[in-house]
Amino acid sequence: MNERESLFRRLSAACAGHDGAAAGEPLPDGAPTAPEGDRVALFAKTFTAAGGVLFRGPVETALSDLGETLRAEGVTSLFFPEGDAAAREIAEALVPFGPFNLTTGAEVRGGSAEVTAGFSSAEAAIAETGTIVETSAGGKTLLPGLIADVHVSIVPAASVVVRMEEALAAFTAYPPRNISFLSGPSKTADIEQTLTVGAHGPKKAIALLLAQDTLSLLPRLEPRVSR
Amino acid sequence: MELDANAFGRSARKALLDKTLQEALGRTTGRFVAHRDAAVAAFPEFEATRERASRIKRDVLDHLDTYLARFIGEAEKRGAIVHVARDPAQAREIAARIARDEGVTLAVKSKSMAAEEISFNEALQGAGVTVVESDLGEFIIQLAGEAPSHIIAPAVHKTREEISRLFERHLGEPRTDSIPELVGMARKHLRAKFLSAGMGVSGGNFLAADTGSVVLVTNEGNGRMGTVLPRVHLAVVGIEKIIPRMADLPTFLRLLPRSTSGQTISSYVSILTGTRRPGDPEGPERMHILLLDCGRSAILEGKYREILKCIRCAACLNACPVYQSVGGHAYGWVYSGPIGAVLTPLLVGLPEAAALPDASTLCGACADVCPVKIPLPDFLLELRSDAREQGLKTPGEIAAMKGYAGVMKRAGLLEAIERIAGVLGQFFTKGKGIGGMPYPFSGWTERRDFPAPAARPFRKRWKIKRGVMR
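The listed protein sequences derive, respectively, from chains A and B.
Mapping the first sequence onto numbering that gives the first Met the number 0, position 171 (from 1) lands on 170, and the numbers just tick up by one.
Mapping the second sequence onto numbering that gives the first Met the number 0, position 51 (from 1) lands on 50, and the numbers just tick up by one.
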């Protein structure tokens, strides 16, 4: 008898006599019922509460605010995945706010000295918790939200759901290797219980909330502040 | 981790005299409790969610054989290699073999109590592998060569000055009293490790049976880095961490961060299923899942099975007046606080840890905050009675308890004793309290400060207050 069989023999013995209810008996729903009000407004509130910074409103204003923020953070390099059109479009639109270098990856992974902002399109956002959902489904990379100093998630308003269950439902049948819930910046309180950001992941988590998916106007934007 | 649970009395006294630790504990536990209470108050569905979680976990325990088989099948279908270990020695052997077979020389590890349980690091070091702890708190105590003192905040007993000295000595960093600078030093040092390590080692907060997924909940993002960047991912997890469906995960995610730190959700939740798929730009090529029995199936068979519902939130630690006073090291093993006082004797054997069930005032605060409704005080009491049955109590203690019970059952006798004790107590202690008493009472007084008996006993005051007596 191998170790696995012997474990199952022990478990079956221990479970015997405890099979009153069938496995997976239905349960009362303890999840919050869909909160009232606008799910997008709720997301804005919870994302900010998780330590994130949200830009929304007219694309022009939001982008210019984002550009200023990245400069204030000392960002020198904008990093977007090869296959992420929206991330590329936003990153390119931000170049005039720089000086920023554009990059698609390898040097960022190598741990370059640059201060990087990683751009990626969120697959969903969860209003209940202020969460950005990213996965590896379809060969997507997770690096912009993993190794960059600042992470910028592009969140179409239509992708905001209220509850975690709704965000997970899409993946339960064929889960990809990695489903990530990202809620605010990387945090630690391990030294003297003092909340500090950027333990391992991004020091700043930014969500750019867009009313629509199309960004055709972007390349014509100019920075409001001239230098 | 080396076991020293029966030294609780001695270790507790040492902890009470440790000024740095006392300051840290005062700062920490109170804050955790306040944050937890605020988060629960702001979440009206907490009770319903708690009930739901408790029932899901009970269902899991009732059918652990079925769910575990499902988990293993689904995980293997998606490319994971699943190992099971009966005891810590076997777990160490398997872990070392995995590292050797995968040709690993450097491993980055995120926090895992299960790994602590089996002395994982020693096993890998024995196989020639360098193991770097990547959770900031664990990293600090690894540099210091110590053991964690709190499930969630392992370095809670270290000040920034001590940490800066450690970073100076081990990382060659300049001294600083800035916490963000200290965090930045660790980030830089550990980032290089993440990028060069051959294996990422994690625990697992949950195992979803219907998908074969390992779920990690972290704030720092180290668990995420270590399971995306290195070529091999090894998850070391207890078999009781199963939940039936991925769809059950939100229920537990609504409880765990709120109970732990008062957060609505932790910064990162990673749901990891199998190996990287063809076309994935990153993710491990190999995933090993090491499932630990290590005493759990034996617990499942007995009257303490509900302790296996624990989701390791540490709310019971923070709420416990004993833990608040002595911290984690005094419990002498991996698990501390009320959960440790129950789980340790069950995992290592009651004779090895009989002192722990006594490390409680039975105030019930732990049960009040437990997000999966484990009856911790009942278990503590039951373990004390087991200890007596197994001959682990001294004759003096048994006689004293018998005497105590005899007195408490007779109101008149109790009143008479109270009156005499009131007079004698005031006379002998001058109102200062009772210190060292002779055997057989020394067992009681050497670990407790007992107040002097009141000149006018409580029962008398009560009667006067109600107008029954003058």
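Positions of the beta carbon are idealized from the N, C-alpha and C atoms, including for glycine.
As the structure is a prediction and not an experimental result, all values here were calculated from the model.
Would you check if the distance between the CB atom of residue i and the CB atom of residue j is smaller than 7 Å?
{"i": "Val216(B)", "j": "Ser265(B)", "result": "yes"}
{"i": "Asp3(B)", "j": "Gly348(B)", "result": "no"}
{"i": "Thr48(B)", "j": "Arg253(B)", "result": "yes"}
{"i": "Pro456(B)", "j": "Glu396(B)", "result": "no"}
{"i": "Val161(A)", "j": "Arg55(A)", "result": "no"}
{"i": "Ala122(B)", "j": "Arg91(B)", "result": "yes"}
{"i": "Glu75(B)", "j": "Val81(B)", "result": "yes"}
{"i": "Lys240(B)", "j": "Phe193(B)", "result": "no"}
{"i": "Ala451(B)", "j": "Gly434(B)", "result": "no"}
{"i": "Ala147(A)", "j": "Gly117(A)", "result": "yes"}
{"i": "Tyr267(B)", "j": "Gly327(B)", "result": "no"}
{"i": "Gly273(B)", "j": "Gly78(B)", "result": "yes"}
{"i": "Ser258(B)", "j": "Cys312(B)", "result": "yes"}
{"i": "His156(B)", "j": "Ala23(B)", "result": "yes"}
{"i": "Ala366(B)", "j": "Pro376(B)", "result": "yes"}
{"i": "Ile270(B)", "j": "Val341(B)", "result": "no"}
{"i": "Pro249(B)", "j": "Glu2(A)", "result": "no"}
{"i": "Val371(B)", "j": "Ser53(B)", "result": "yes"}
{"i": "Ser31(B)", "j": "Asn218(B)", "result": "Residue identity differs from the one stated: residue 31(B) is Phe in this sequence, not Ser. In this structure, Asn218(B) does not lie closer than 7 Å to Phe31(B) by Cβ."}
Grab me the residues of residue i's own chain with a C-beta within less than 6 Å of its C-beta, minus the 5 sequence neighbours each way, in chain order.
{"i": "Gly199(B)", "result": "Val107, Gly225, Thr226, Pro229 and His232"}
{"i": "Lys110(B)", "result": "Asp134 and Glu137"}
{"i": "Thr136(A)", "result": "It is worth fixing the name first, because residue 136(A) is Ala in this sequence and not Thr. For Ala136(A), where only same-chain residues beyond five positions count, the Cβ hits under 6 Å are Pro175."}
{"i": "Thr75(A)", "result": "Glu113 and Val114"}
{"i": "Val154(A)", "result": "Ala121, Ala124, Ala206 and Leu208"}
{"i": "Arg223(A)", "result": "At Arg223(A) the pLDDT is 41, less than 50, meaning the model places this residue with poor confidence; the figure from the coordinates comes in the next sentence. Only Ser63 meet the Cβ criterion."}
{"i": "Leu142(B)", "result": "Leu165 and His169"}
{"i": "Glu305(B)", "result": "Ile373"}
{"i": "Ala43(A)", "result": "Leu53"}
{"i": "Phe46(A)", "result": "Leu53, Gly129 and Ala206"}
Less than 7 Å between C-beta atoms, sequence neighbours within five positions excluded: which residues of the same chain meet that for residue i?
{"i": "Leu216(A)", "result": "For Leu216(A), the predicted model reports a pLDDT of 45, less than 50, meaning its position is unreliable and no value from the coordinates is stated."}
{"i": "His188(B)", "result": "Leu170"}
{"i": "Leu145(A)", "result": "Gly200"}
{"i": "Leu307(B)", "result": "Leu60, Glu239, Arg295, Ile298 and Leu299"}
{"i": "Ala113(B)", "result": "Gly202, Val235, Val236, Gly237 and Leu291"}
{"i": "Phe471(B)", "result": "The requested residue 471(B) is not part of the displayed model; chain B covers only 0 to 469."}
{"i": "Arg70(A)", "result": "Phe96"}
{"i": "Leu355(B)", "result": "Ala4, Phe7, Tyr330, Gly339, Ala340, Thr343 and Pro344"}
{"i": "Thr140(A)", "result": "Pro80"}
{"i": "Arg8(A)", "result": "none"}
Cβ closer than 9 Å: which chain A residues qualify as neighbours of residue i?
{"i": "Gly144(B)", "result": "Those do not exist, as Gly144(B) stays about 17 Å from chain A at its closest Cβ, beyond 9 Å."}
{"i": "Thr274(B)", "result": "Arg176"}
Would you mind telling me which residues of chain B sit closer than 8 Å to residue i, beta carbon to beta carbon, in chain order?
{"i": "Thr45(A)", "result": "Thr263"}
{"i": "Ala48(A)", "result": "Thr263"}
{"i": "Ser120(A)", "result": "What Ser120(A) touches in chain B: nothing, since even the nearest Cβ is about 15 Å away."}
Please compile the residues from chain B whose C-beta is within a distance smaller than 7 Å of the C-beta of residue i.
{"i": "Thr115(A)", "result": "Ordered by position in chain B, no residue passes the 7 Å Cβ test against Thr115(A), which lies about 12 Å from the chain."}
{"i": "Asn100(A)", "result": "What Asn100(A) touches in chain B: nothing, since even the nearest Cβ is about 20 Å away."}
{"i": "Leu145(A)", "result": "Arg223, Met224 and Val227"}
{"i": "Ser237(A)", "result": "Residue 237(A) is absent from the structure shown; chain A starts at 0 and stops at 226."}
{"i": "Gly97(A)", "result": "Neighbours of Gly97(A) on chain B: none; closest Cβ ~24 Å, over 7 Å."}
Keeping to the same chain, check which residues put their C-beta closer than 8 Å to that of residue i; ignore five residues upstream and five downstream.
{"i": "Glu35(A)", "result": "For Glu35(A), the predicted structure reports a pLDDT of 45, less than 50, and the residue's modelled location is therefore unreliable. The matter cannot be settled from this model."}
{"i": "Leu15(B)", "result": "Gln21, Ser324 and Val325"}
{"i": "Lys462(B)", "result": "Met468"}
Quick one: list the residues of chain A neighbouring residue i, beta-carbon separation under 8 Å, in chain order.
{"i": "Tyr267(B)", "result": "Ser179, Phe180, Leu181, Ser182, Ser185 and Gly200"}
{"i": "Met245(B)", "result": "Leu167, Phe170, Thr171 and Pro174"}
{"i": "Pro370(B)", "result": "Those within 8 Å of Pro370(B) in chain A number zero; the least Cβ separation is about 11 Å."}
So residue i contacts chain A; which residues on that side make the cut at Cβ distance below 7 Å?
{"i": "Gly136(B)", "result": "Asp189"}
{"i": "Leu63(B)", "result": "Leu10 and Cys14"}
Give the interface partners of residue i over in chain B, defined as CB-CB distance under 9 Å, in chain order.
{"i": "Arg162(A)", "result": "Pro249"}
Legend entry - Secondary structure, alpha helix (DSSP H): runs of 4+ residues fully inside the stretch 254–322 of chain B: With a minimum length of 4 residues, the unbroken runs of alpha helix (DSSP H) contained wholly in the stretch 254–322 of chain B fall at 255–260, 295–300 and 314–318.
Inset, instruction - Give the residues from the stretch 277–301 of chain B that approach chain A closer than 7 Å (Cβ to any Cβ), ordered along the chain. - result: Residues Gly278, Asp279, Pro280, Glu281, Gly282, Asp292, Ser296, Leu299 and Glu300.
Legend entry - Members of the stretch 4–17 of chain A that neighbour chain B once the beta carbon cut-off is set at 8 Å: Ser5, Leu6, Phe7, Arg9, Leu10, Ser11, Ala12, Ala13, Cys14 and His17
Inset, instruction - Mind listing, in chain order, the continuous alpha helix (DSSP H) runs of no fewer than 4 residues lying wholly within the stretch 119–183 of chain B? - result: As far as the stretch 119–183 of chain B is concerned, its whole alpha helix (DSSP H) runs of at least 4 residues are 119–125, 135–143 and 159–170.
Inset, instruction - Please list the segments of the alpha helix (DSSP H) lying wholly inside the stretch 330–413 of chain B, counting only runs of 4 or more residues, in order along the chain. - result: 336–347, 364–368, 375–388 and 394–407
Legend entry - Near-chain A residues of the stretch 213–235 of chain B (beta-carbon distance less than 7 Å), N- to C-terminal order: Answer set for the stretch 213–235 of chain B: Asn218, Glu219, Gly220, Asn221, Arg223, Met224 and Val227.
Legend entry - Residues, ordered as in the chain, of the stretch 306–337 of chain B that lie near chain A by beta-carbon distance below 8 Å: none
Inset, instruction - Give the residues from the stretch 66–92 of chain A that approach chain B closer than 7 Å (Cβ to any Cβ), ordered along the chain. - result: none
Legend entry - Runs of alpha helix (DSSP H) wholly within the stretch 121–209 of chain A (minimum 4 residues, chain order): 163–168
Inset, instruction - Report the residues of the stretch 49–62 of chain A with a CB closer than 9 Å to any CB of chain B, ordered along the chain. - result: Ala49 and Gly50
Legend entry - the stretch 24–40 of chain B: positions lying closer than 7 Å to chain A by Cβ: Arg26, Thr27 and Arg30
Inset, instruction - With 9 Å as the limit, tell me which residues of the stretch 95–112 of chain B have their beta carbon closer than that to any beta carbon of chain A; keep them in chain order. - result: Taking 9 Å as the Cβ-Cβ cut-off against chain A, none of the residues of the stretch 95–112 of chain B qualify.
Legend entry - Whole runs of the beta strand (DSSP E) within the stretch 39–107 of chain A, excluding any shorter than 3 residues: 52–54, 76–78 and 100–102
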